[in-house]
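Enquirer: Just so you know, the sequences run in chain order L and B.
Numbering-wise (the numbering used here), the first sequence opens with residue 226 and increments by one.
Numbering-wise (the numbering used here), the second sequence opens with residue 526 and increments by one.
The beta carbon of each residue, even a glycine, is placed where N, CA and C say it ideally should be.
Can you keep this structure in mind? I'll have questions shortly.
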Amino acid sequence: GAVVSQHPSRVICKSGTSVKIECRSLDFQATTMFWYRQFPKQSLMLMATSNEGSKATYEQGVEKDKFLINHASLTLSTLTVTSAHPEDSSFYICSAGPVAPNTGELFFGEGSRLTVL
Amino acid sequence: QKEVEQDPGPLSVPEGAIVSLNCTYSNSAFQYFMWYRQYSRKGPELLMYTYSSGNKEDGRFTAQVDKSSKYISLFIRDSQPSDSATYLCAMKGSQGNLIFGKGTKLSVKP
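Shown next as C-alpha cells:
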C-alpha cells in the first residue's frame with residue numbers, strides 16, 4: 226500500500242512550547258490530508274481536513290489558532306501545536322489521500338505521541 | 526446516537542478461533558466501509574475496504590456490509606496471536622474523511 230511518513234514518532238516538550246509534526250506522502254500526491262487525535266482507549270477523532278494550497282477546515286471544538294495546519298505541497302502537511310499544555314498530550318495521526326479516486330482508501334502515518342510536561 | 530458504534534471489548538479468543546467484529550452506523554449515506562488494524566502505539570493499518578453492500582474476502586479476513594441493517598462485520602478465520610490488536614471500523618464521510626468506531630481490542634491466546 227501507499228506510504229505515509231510521520232515525524233517525529235515521539236516528542237516530549239515543556240508546557241508553553243510549540244511542537245511541529247510533519248506528515249509526508251512518500252509515493253503518491255495527497256491532495257487532502259487529515260489530522261486525527263487519539264486519546265488513550267478512545268477512537269480517532271478528526272481534528273481538521275487539509276487541502277493542498279488552501280486553509281484547513283477544522284472540526285467543531287478544535288482551536289485553529291492552537292493547532293496550526295499547513296499543507297504547502299502535495300506531499301507534505303504539518304501540524305503545529307502552539308503553546309502546548311498537558312491536556313494536549315495525545316497521539317496525533319495524519320492520513321493522506323486519495324490514493325485512488327472515488328474510493329475510501331486513506332493511509333495513515335505511524336502517529337506522533339506528544340507528551341507535554 | 527453516535528454515527529458509528531463499536532463494542533470496545535476486550536475480546537479474548539483462543540488461537541484458531543473464528544473472530545467476529547461488528548459495527549453499526551446511523552448514516553444511510555455511507556458508501557465506503559473500512560476495517561483498520563491498530564497495534565499498540567502505532568498508526569492504523571488498512572485491512573479491508575468495501576463499497577456498498579456485500580462481502581469481500583482477503584485471505585483469512587472477510588468483510589461484510591449489510592446496508593439495510595446498517596451493520597458491518599469483519600471475520601477472522603484461524604486467528605493467530607499476531608492478530609492481537611485493536612480493530613477499528615470506519616466509514617467515509619462526506620468530506621472524504623473517515624469516521625471511526627471506538628475500536629475493539631482483540632487478544633488471541635496461544
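What residues in the segment 265-278 of chain L have a beta carbon less than 9 angstroms from any beta carbon of chain B?
Expert: LYS266, GLN267, SER268, LEU269, MET270, LEU271 and THR274
Enquirer: Using beta carbons (cut-off 8 angstroms, strictly below), is L/GLU288 in contact with chain B?
Expert: Numbered from 1 along the first sequence, position 63 holds the residue referred to as residue 288 of chain L. Not one chain B Cβ lies under 8 angstroms of L/GLU288.
Enquirer: If distances are taken between C-alpha atoms only, which option among L/LEU269, L/LEU342, L/THR257 and L/LYS266 comes closest to L/ILE294?
Expert: As a first step, residue 294 of chain L must be located in the first sequence, where it is residue number 69. For the residues L/LEU269, L/LEU342, L/THR257 and L/LYS266, the minimum Cα distance to L/ILE294 belongs to L/THR257.
Enquirer: Would you tell me roughly how many angstroms separate the C-alpha atoms of B/LEU599 and B/MET559, rounded to the nearest one?
Expert: Here residue 599 of chain B refers to the residue found at position 74 of the second sequence. Here residue 559 of chain B refers to the residue found at position 34 of the second sequence. Roughly 10 angstroms between the two C-alpha positions.
Enquirer: So which of B/ARG562, B/SER632, B/ARG585 and B/TYR612 has the shortest CA-CA distance to B/ILE601?
Expert: For the purposes of this step, residue 601 of chain B is taken as the residue at position 76 of the second sequence. Of the candidates B/ARG562, B/SER632, B/ARG585 and B/TYR612, B/ARG585 places its Cα closest to the Cα of B/ILE601.
Enquirer: So, with DSSP's three-state summary, where would you put B/SER607?
Expert: As a working mapping, residue 607 of chain B is identified with position 82 in the second sequence. Note: B/SER607 maps to helix in three-state DSSP.
Enquirer: Going along the chain, which residues of the segment 621-635 of chain B sit with their C-beta nearer than 8 angstroms to a C-beta in chain L?
Expert: Listed in sequence order: GLY621, ASN622, LEU623, ILE624, PHE625, GLY626, LYS627 and GLY628.
Enquirer: Might you give, ordered along the chain, the residues of its own chain that have their beta carbon closer than 7 angstroms to the beta carbon of L/PHE264, omitting 5 neighbours on each side?
Expert: In the first sequence, residue 264 of chain L corresponds to position 39, counting from 1. Around L/PHE264: SER315.
Enquirer: Could you say if the segment 542-560 of chain B and the segment 600-619 of chain B meet the contact criterion of at least three C-beta pairs nearer than 8 angstroms?
Expert: yes
Enquirer: What residue from L/LEU301, L/GLN254, L/ARG249 and L/MET272 has the CA that sits closest to L/ASP313's CA?
Expert: Here residue 313 of chain L is taken as the residue at index 88 of the first sequence, counted from 1. Residue L/MET272 is the option with its Cα nearest to L/ASP313.
Enquirer: Run down chain B in chain order and give the residues with a C-beta less than 8 angstroms from the C-beta of L/ILE318.
Expert: Position 93 of the first sequence holds residue 318 of chain L. Against chain B, the beta carbon of L/ILE318 has neighbours under 8 angstroms at GLY568 and PRO569, listed in chain order.
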